[in-house]
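*Asks:*
2 protein chains.
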Amino acid sequence: MKKSPPPKPTDTELAILRVLWRLGPATVRAVHAEFNRVQETGYTTVLKMLQIMTEKGLVRRDESERSHVYQPVLSEQHVQRQLVGHLLDRAFGGSAQKLVMQALASKKSSPRELAEIRRLLDKLEKEA
Amino acid sequence: MKKSPPPKPTDTELAILRVLWRLGPATVRAVHAEFNRVQETGYTTVLKMLQIMTEKGLVRRDESERSHVYQPVLSEQHVQRQLVGHLLDRAFGGSAQKLVMQALASKKSSPRELAEIRRLLDKLEKEA
DNA sequence: GCGATACTACGAATTGTTTCGTAGGTGTCA
DNA sequence: TGACACCTACGAAACAATTCGTAGTATCGC
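Heads up: the protein sequence lines correspond to chains B and S, in order.
Residue 117 in my numbering sits at position 104 of the first sequence, and the numbers go up by one each step.
Residue 55 in my numbering sits at position 42 of the second sequence, and the numbers go up by one each step.
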């Protein structure tokens with residue numbers, strides 16, 4: 014009976030989740046290979062991380078084959094929202110506006126992206 | 014010679030920084046009192062945190078009085094931008110647009126705030 | 001069948017975070 | 001002056017995160 018929702022992933026865990034979102038269900042070997050393109054790490058390190066992440070409920074493990082196959086429990090969008098919500102509470106006193114302002118200021122977006130955001134604003138204002 | 018920029022604050026450190034941003038320069042006693050309105054904590058715990066944060070360069074300490082006075086090294090905006098930048102890299106592959114979308118979706122903003130964001134968009138588009 | 005290879009499990013070392021008790025010094029005031 | 005309150009420094013405990021070596025077991029190629 015593990016009901017409680019998975020905890021917020023650490024930075025390292027998030028890096029592994031990002032590999033899994035990219036690859037889809039994958040073995041330790043596959044994750045390790047992909048992970049090492051950016052970050053040199055031992056095989057058993059990745060294995061251990063995935064084992065711990067399984068205990069935490071961050072990933073699910075298929076043990077039907079000898080090489081276990083791992084996949085994320087939550088979607089990338091879901092975790093992104095979780096992390097944004099956390100940052101919102103911790104650093105911005107819950108003000109999404111302030112966070113959005115900082116995000117737009119801290120990294121230039123393309124005109125296309127800005128237009129996309131504008132479209133979302135239209136939609137939100139219509140709902141209100 | 015401590016040149017390197019202060020590290021990303023932990024959640025607890027951030028909570029203390031938020032108190033300092035609210036109060037301005039403050040003694041351990043003042044920070045402790047304010048902090049405890051939300052989170053019950055021992056006096057020496059807050060003291061130790063502030064000592065560690067001083068070593069890390071997150072806060073500056075004025076020792077000219079018997080009760081030392083602490084203040085943040087970086088502005089709230091600066092740290093907010095730092096944290097947004099970090100989240101952007103770690104969870105959003107650098108796409109500010111995706112982060113903004115999630116922020117707006119995860120917490121309803123008031124029409125006034127949406128208008129404010131729209132104004133920022135206007136400004137950014139004019140620059141481009 | 002046997003040696004090489006691949007895989008998981010486990011334990012342990014290291015490092016960082018958080019909490020708080022205790023000790024020692026300084027000031028206050030009756 | 002002596003009791004008391006307040007302040008900082010320090011060390012240690014408890015916990016979590018990260019890394020990796022070693023051991024044990026299964027599988028494959030010959």
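All residues carry an ideal CB built from backbone N, CA and C; glycine is no exception.
Here the structure is a predicted model, which means the values were calculated and not measured.
For B/Lys-120 and S/Ala-109, which I take to be in contact (beta-carbon distance under 8 Å), what is that distance rounded to the nearest angstrom?
*Replies:* With 8 Å as the limit, B/Lys-120 and S/Ala-109 qualify as a contact, their Cβ atoms being about 4 Å apart.
*Asks:* Go to S/Gln-90, then tell me how far its alpha helix (DSSP H) extends in each direction, as first and last residue.
*Replies:* Counting along the chain, the alpha helix (DSSP H) containing S/Gln-90 begins and ends at 89-105.
*Asks:* Pop quiz: B/Ser-80 and B/Thr-54 are said to be a contact at Cβ under 8 Å. What is the actual Cβ separation, rounded to whole angstroms?
*Replies:* Their Cβ separation, rounded to whole angstroms, is 18 Å, which puts B/Ser-80 and B/Thr-54 out of contact at 8 Å.
*Asks:* Quick check on B/Val-59: does DSSP put it in helix, strand or coil?
*Replies:* If DSSP states are grouped into helix, strand and coil, B/Val-59 belongs with the helices.
*Asks:* Which of the three DSSP states, helix, strand or coil, is assigned to S/Val-82?
*Replies:* Strand, per DSSP.
*Asks:* For B/Val-72, report the span of its beta strand (DSSP E) as first-last.
*Replies:* Start and end: 72-75.
*Asks:* Would you verify that the beta carbon of S/Ile-130 is, or is not, closer than 7 Å to some beta carbon of chain B?
*Replies:* It does: the Cβ of S/Ile-130 has a partner Cβ on chain B nearer than 7 Å.
*Asks:* Output the distance between the C-alpha atoms of B/Glu-78 and S/Thr-23, rounded to the nearest integer angstrom.
*Replies:* Taking the straight line from one Cα to the other gives about 40 Å.
*Asks:* Of the choices B/Ser-122, B/Ala-28, B/Ala-128, B/Leu-96, whose alpha-carbon is the least far from that of B/Phe-48?
*Replies:* The shortest C-alpha separation from B/Phe-48 is found at B/Ala-28.
*Asks:* Locate the alpha helix (DSSP H) running through B/Pro-124, then write down its first and last residues.
*Replies:* Note, B/Pro-124: alpha helix (DSSP H), 124-140.
*Asks:* From the DSSP output, in three-state form, read off S/Thr-25 for me.
*Replies:* In the structure shown, S/Thr-25 sits in a helix (DSSP, three-state: H, G or I).
*Asks:* Could you please give me the residues that DSSP links to S/Ala-39 through a beta bridge?
*Replies:* S/Ala-39 pairs with S/Tyr-83.
*Asks:* Just the chain S side, please: which residues come within less than 8 Å of B/Ala-116 by C-beta, in chain order?
*Replies:* Simply Val-97, Leu-101, Ala-109, Leu-112, Val-113, Ala-116.
*Asks:* What would DSSP say about B/Lys-69, mapped onto helix, strand or coil?
*Replies:* B/Lys-69: helix per DSSP, three-state reduction.
*Asks:* Looking only at C-alpha atoms, which of B/Lys-136, B/Pro-85, B/Leu-96, B/Arg-50 sits nearest to B/Met-66?
*Replies:* Nearest option by C-alpha distance: B/Pro-85.
*Asks:* Are the beta-carbon atoms of S/Arg-125 and B/Gln-115 separated by less than 7 Å?
*Replies:* Going by C-beta atoms, S/Arg-125 is not nearer than 7 Å to B/Gln-115.
*Asks:* Could you confirm whether any beta carbon from chain S is found closer than 7 Å to the beta carbon of B/Lys-120?
*Replies:* So, interface residue.
*Asks:* Throw me the rounded Cβ distance for the B/Leu-134 and S/Arg-131 pair, which I believe falls under 8 Å.
*Replies:* Contact holds; Cβ gap of about 6 Å.
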